[in-house]
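Sequences listed follow chains A and B, in order. If you read the first sequence in the working numbering, its first letter stands for residue 545, the second for the next number, and so on. If you read the second sequence in the working numbering, its first letter stands for residue 23, the second for the next number, and so on. Ideal placement from N, C-alpha and C gives every residue a C-beta, glycine not left out.
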Amino acid sequence: MKALIALFLRELRLAARIGGGGATGVVFFLILVSIAPFALGPDLNLLSRIGPALLWISALLATLIGLDRLFQADAEDGSLDLLFTARTPLELIVVVKCLAHWATTGLPLVLAAPLFGLMLAVEGAGLAGVTATLLVGTPALTFIGAIGAALTASLRRGGLLMAILVLPFTVPVLIFGVAAAAAARGGTVPFWTPFSILCALTLLAAAGAPFAAAAALRHGRD
Amino acid sequence: MWKYANPTFFMQLAGRLAPWTAGAALLLLGVGLYLAFLGSPADYQQGQTVRIMYIHVPAAWMALFVYMVMTSAALGTLVWRHPLADAAQKAAAPLGAVFTFVCLFTGSMWGKPTWGTWWEWDARLTSMLVLFLIYLGLIALWRTIEDPTRAAKSAAILTLVGVVNIPIIKFSVDWWNTLHQPASVFRVGGPTIHPSLLWPLAIMSLAFTFIFLTLHLMAIRNEILARRVRRLTMEAAAAGENGRAVAASTGVAA
């Protein structure tokens with residue numbers, strides 16, 4: 545447990561000192577949100593209607609941007625080999641790395657989402673809904689993405705491949721995230737139905753993905 | 023069983039089997055196509071467009087079947103680390119992608135006259151599209167990782183992760199209210215299709231299965247041969263290096 549806390553703090557320190565992680569993700573998120581009105585036209589009614597979906601797509605892409613470095617930096621400087629030799633199970637190490645990665649890249653996106661939502665004329669219950677769904681949904685994106693990051697950790701041009709591998713698996717999260725965000729603004733479906741499924745998807749990803757990611761890391765080494 | 027898993031023995035066996043499966047595929051395809059386009063009646067509601075079914079449904083079944091073959095091979099790779107399983111995985115991915123594409127394409131052609139739309143974002147179509155994307159991702163992964171053993175392990179893990187999509191496709195028509203019709207052949211209480219349409223469908227499905235078997239066997243053979251060529255090339259390159267090194271140290275031309 546002590547080792548895991550130490551690893552978590554190490555990840556946070558690395559993210560804070562090296563930079564390029566969370567802050568860049570938020571800037572990318574902002575850019576994605578702000579180019580949408582240029583393509584769709586600045587019609588506030590339209591933007592308000594599709595705003596939650598735009599925020600979700602932007603958050604998904606912004607999450608992907610940072611993910612390829614999840615294991616790559618450690619694979620390059622050899623600290624991944626040290627983590628392999630540790631007595632702590634690799635699966636738990638993956639969980640901790642994912643949590644730290646989410647805290648430094650996913651959480652800033654969630655905190656920025658209400659602000660960017662206002663730019664898309666998403667207000668009130670809709671804004672609360674999309675923020676809540678991003679809060680419980682983005683960890684699932686990080687955990688699912690960890691599988692792709694582990695598979696491409698030792699590849700030099702892994703970024704694009706990782707996106708191709710990971711994006712199909714994020715479709716359910718996106719569907720129920722946007723469905724819950726839309727339900728928060730009223731409609732026939734109660735908010736809790738898609739929201740509970742979204743929570744279940746996150747728990748499922750957190751429980752299953754570390755095993756696949758750890759297996760991929762082990763097999764990628766030899 | 024291990025005798026059949028020996029690559030050399032498999033090469034001989036597959037070489038002998040492939041012409042027979044190819045012949046069976048051609049025969050079944052000929053009979054199936056005749057029955058599908060000439061020997062079976064048109065549907066009383068859909069008219070001639072029902073004939074798209076004889077391509078669409080077998081392709082859809084094969085898309086799922088190939089994925090399950092690939093999953094078994096992936097287990098073979100991870101559990102027994104068998105090179106034949108690696109080759110079976112690699113050879114199946116493009117075939118599965120083609121079957122999935124055929125299914126989506128014919129489905130789109132069928133959707134226009136019967137549903138009035140080329141594409142509908144319902145659960146069955148979307149989950150099938152995700153299957154297609156997973157196949158493409160696997161092919162990309164195979165092409166990116168150079169070392170075949172490592173590529174096989176990575177692809178195996180991704181294949182096993184992707185299995186979650188298979189039950190979603192199968193039950194998508196039951197769980198969600200979709201435009202796509204629910205299962206009408208393999209269902210509790212027997213098929214709801216008239217026998218005059220069911221027979222051509224069954225024969226076409228067998229034909230598609232034999233087409234896959236033939237192409238899969240041949241692709242596995244090619245993969246084994248490609249690996250041998252790769253190994254021999256590397257050995258020759260290594261021998262050349264050594265030869266030059268010896269020549270340089272002794273001053274004798276190799």
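Partners in chain B for residue i, counting only beta-carbon separations shorter than 7 angstroms
{"i": "Gly764/A", "result": "Arg172 and Ser176"}
{"i": "Leu705/A", "result": "Ala162, Leu163 and Thr166"}
{"i": "Ala778/A", "result": "The structure shown has nothing for residue 778/A, since chain A only spans 545 to 766."}
Proximity below 8 angstroms, CB of residue i to CB of residue j
{"i": "Met706/A", "j": "Leu611/A", "result": "yes"}
{"i": "Gly133/B", "j": "Trp141/B", "result": "yes"}
{"i": "Val710/A", "j": "Gly689/A", "result": "yes"}
{"i": "Ala728/A", "j": "Ala665/A", "result": "no"}
{"i": "Pro738/A", "j": "Ala723/A", "result": "yes"}
{"i": "Leu206/B", "j": "Thr214/B", "result": "According to the sequence provided, residue 206/B is Ser. The question's Leu does not apply to it. Contact flag set, yes."}
{"i": "Leu653/A", "j": "Ala603/A", "result": "yes"}
{"i": "Gly684/A", "j": "Leu599/A", "result": "Reading off the sequence, residue 684/A comes out as Ala, not Gly. Cβ atoms of Ala684/A and Leu599/A: not closer than 8 angstroms."}
{"i": "Phe628/A", "j": "Ala693/A", "result": "no"}
{"i": "Leu60/B", "j": "Lys175/B", "result": "no"}
{"i": "Ala547/A", "j": "Thr632/A", "result": "yes"}
{"i": "Ile691/A", "j": "Leu551/A", "result": "no"}
{"i": "Thr686/A", "j": "Thr568/A", "result": "no"}
{"i": "Leu163/B", "j": "Ala173/B", "result": "yes"}
{"i": "Met84/B", "j": "Phe193/B", "result": "no"}
{"i": "Phe89/B", "j": "Leu147/B", "result": "First, the residue type needs correcting, since residue 89/B is Tyr and not Phe in the sequence shown. No. Outside cutoff."}
{"i": "Thr648/A", "j": "Ala559/A", "result": "yes"}
{"i": "Gly595/A", "j": "Gly702/A", "result": "no"}
{"i": "Ala619/A", "j": "Ser698/A", "result": "yes"}
{"i": "Phe768/A", "j": "Leu745/A", "result": "An answer regarding residue 768/A cannot be provided, because it is not within the stretch 545 to 766 covered by chain A."}
{"i": "Tyr76/B", "j": "Ala58/B", "result": "yes"}
{"i": "Phe234/B", "j": "Ala46/B", "result": "no"}
{"i": "Ala10/B", "j": "Met240/B", "result": "The structure shown does not extend to residue 10/B, since chain B spans only 23 to 276, so no value can be given for it."}
{"i": "Leu556/A", "j": "Ala644/A", "result": "yes"}
{"i": "Gln68/B", "j": "Thr136/B", "result": "yes"}
{"i": "Ile156/B", "j": "Asn187/B", "result": "yes"}
{"i": "Ser62/B", "j": "Pro222/B", "result": "yes"}
{"i": "Leu126/B", "j": "Met150/B", "result": "yes"}
{"i": "Arg762/A", "j": "Leu626/A", "result": "no"}
{"i": "Pro712/A", "j": "Gly159/B", "result": "yes"}
Closer than 7 angstroms: residue i CB and nearest the ligand FAD heavy atom
{"i": "Ala27/B", "result": "By its list of ligands, the structure shown contains no ligand whatsoever, and the ligand FAD lies outside what it can speak to."}
Proximal chain A residues relative to residue i, where beta-carbon distance stays under 7 angstroms
{"i": "Val289/B", "result": "Examination of residue 289/B is not possible in this model, given that chain B is present from 23 through 276 alone."}
Interface residues of chain B facing residue i [CB-CB closer than 9 angstroms]
{"i": "Ile708/A", "result": "Leu155, Leu158, Gly159, Ala162 and Leu163"}
{"i": "Ala751/A", "result": "The contacting residues do not exist; Ala751/A stays about 13 angstroms from chain B at best."}
{"i": "Ala756/A", "result": "Ile179, Leu180, Leu182 and Val183"}
Chain-ordered neighbours of residue i on chain B, where CB pairs are closer than 8 angstroms
{"i": "Val715/A", "result": "Thr148 and Val152"}
{"i": "Leu699/A", "result": "Thr166 and Ile167"}
{"i": "Leu823/A", "result": "Nothing can be reported for residue 823/A: it is not among the residues displayed for chain A, which extend from 545 to 766."}
{"i": "Ala676/A", "result": "Those within 8 angstroms of Ala676/A in chain B number zero; the least Cβ separation is about 24 angstroms."}
Chain A residues whose Cβ lies nearer than 8 angstroms to that of residue i
{"i": "Val363/B", "result": "Nothing about residue 363/B can be read from this structure; chain B reaches only from 23 to 276."}
Threshold first: 4 residues or longer. Then list the alpha helix (DSSP H) segments lying entirely within the region 638-673 of chain A, N to C. Counting whole runs of 4 or more residues, the region 638-673 of chain A contains the alpha helix (DSSP H) stretches 651-663.
For the region 562-614 of chain A, which segments carrying the alpha helix (DSSP H) assignment without a break, of at least 4 residues, lie completely within its bounds, in sequence order? Along the region 562-614 of chain A, the alpha helix (DSSP H) occurs as fully enclosed runs of 4 or more residues at 566-584 and 588-611, listed in sequence order.
Mind pulling the alpha helix (DSSP H) runs of 4 or more residues that sit fully within the region 71-153 of chain B? Those alpha helix (DSSP H) runs which fall completely within the region 71-153 of chain B and span 4+ residues are 75-97 and 105-137.
Interface residues of the region 594-622 of chain A facing chain B [CB-CB below 9 angstroms]: Cβ contacts with chain B: none found.
Residues of the region 682-693 of chain A with a CB closer than 8 angstroms to any CB of chain B: list them in chain order, please. Taking 8 angstroms as the Cβ-Cβ cut-off against chain B, the residues of the region 682-693 of chain A that qualify are Ile691.
Along the chain, which unbroken stretches of the alpha helix (DSSP H) at least 4 residues long are found entirely within the region 172-216 of chain B? Within the region 172-216 of chain B, the complete alpha helix (DSSP H) runs of at least 4 residues fall at 187-197.
If the cut-off is 8 angstroms on Cβ atoms, which residues from the region 140-163 of chain B count as contacting chain A, listed in chain order? For the region 140-163 of chain B, the set of positions with a beta-carbon nearer than 8 angstroms to some beta-carbon of chain A reads Thr148, Val152, Leu155, Ile156, Leu158, Gly159, Ala162 and Leu163 in chain order.
Output, in sequence order along the chain, the residues in the region 547-562 of chain A whose CB is closer than 7 angstroms to any CB in chain B. Within the region 547-562 of chain A, not one residue has a Cβ closer than 7 angstroms to any Cβ of chain B.
Segment contact flag, the region 90-103 of chain B with the region 181-193 of chain B, C-beta cutoff 8 angstroms, min 3 pairs: By the Cβ test, the region 90-103 of chain B is in contact with the region 181-193 of chain B, since at least three Cβ pairs between them sit closer than 8 angstroms.
Take every Cβ of the region 579-594 of chain A, pair it with every Cβ of the region 671-679 of chain A, and state whether three or more of those distances are shorter than 8 angstroms. Under the three-pair Cβ rule at 8 angstroms, the region 579-594 of chain A does not count as touching the region 671-679 of chain A.
Three or more C-beta pairs closer than 8 angstroms, one from the region 190-205 of chain B and one from the region 101-119 of chain B: is that the case here? Contact between the region 190-205 of chain B and the region 101-119 of chain B is not established, with fewer than three Cβ pairs separated by less than 8 angstroms.
Do the region 35-50 of chain B and the region 637-654 of chain A touch if we need at least three Cβ pairs shorter than 8 angstroms? The region 35-50 of chain B, when compared against the region 637-654 of chain A, does not touch it at the 8 angstroms Cβ threshold.
Within 9 angstroms of chain B by C-beta, residues of the region 710-744 of chain A in sequence order: Close to chain B, meaning a Cβ-Cβ distance shorter than 9 angstroms, are the following residues of the region 710-744 of chain A: Val710, Leu711, Pro712, Phe713, Val715, Pro716 and Ile719.
Residues of the region 571-596 of chain A with a CB closer than 8 angstroms to any CB of chain B: list them in chain order, please. Taking 8 angstroms as the upper bound on Cβ-Cβ separation, chain B lies near no residue of the region 571-596 of chain A.
What residue ranges within the region 23-67 of chain B form continuous alpha helix (DSSP H) runs of no fewer than 4 residues, ordered along the chain? Entirely contained in the region 23-67 of chain B, the alpha helix (DSSP H) runs reaching 4 residues are, in chain order, 24-27 and 29-59.
Secondary structure, alpha helix (DSSP H): runs of 4+ residues fully inside the region 678-744 of chain A: Counting only runs of 4+ residues, the alpha helix (DSSP H) found wholly inside the region 678-744 of chain A occupies 702-710 and 715-727, in chain order.
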